[in-house]
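Take the sequence shown: its letters are residues 1 to 100, numbered as in UniProt numbering.
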Amino acid sequence: MFSQAPQRGLDLRFFGDFVLEGDAQLGAVSALYGLKLEGIDPDMPLSRFITQKVGGAPVVGDQVEWNNTIWTVAVMDGNKIGKVGVRFPEGSRPGPGLFL
């Protein structure tokens with residue numbers, strides 16, 4: 001689910017606190033971060049969810065807000081989202097499991 005080491009020159013701080021693979025399933029992502037799916041298919045890949053939220057062809061830097069968290073397209077693989085950055089609200093702390 002978590003991305004491998006970034007390619008040279010990629011500054012992850014722009015994209016968020018963590019960078020996830022685009023093919024991560026929403027059910028796993030929501031369980032990890034304590035997010036509510038509320039009628040969203042837990043088997044849907046994060047990349048498809050972000051593409052739907054963007055409402056068009058995504059590009060690097062596109063951002064959407066979901067569950068009071070900012071999701072940023074970090075890497076495109078052709079016309080598909082390859083990696084997504086996650087930024088938590090100021091002052092919030094992710095759970096300890098996120099650091100494993």
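No residue lacks a Cβ here, since even glycine has one placed at the ideal position from N, Cα and C.
Following the DSSP letters along the chain, one finds glutamine 63 inside the beta strand (DSSP E) bounded by residues 63-66. For glutamate 90, the closest C-alpha among the options Glu21, Thr69, Ile50 is that of Thr69. By the criterion of a C-beta distance shorter than 7 Å, alanine 57 is surrounded in its chain by Asn79, once the five residues flanking it on both sides are discounted. Take the alpha-carbon of glycine 39 and the one of valine 73: they are about 23 Å apart. Contact between the stretch 42-49 and the stretch 12-30 is present: 3 or more CB-CB pairs across the two stretches fall below 8 Å.
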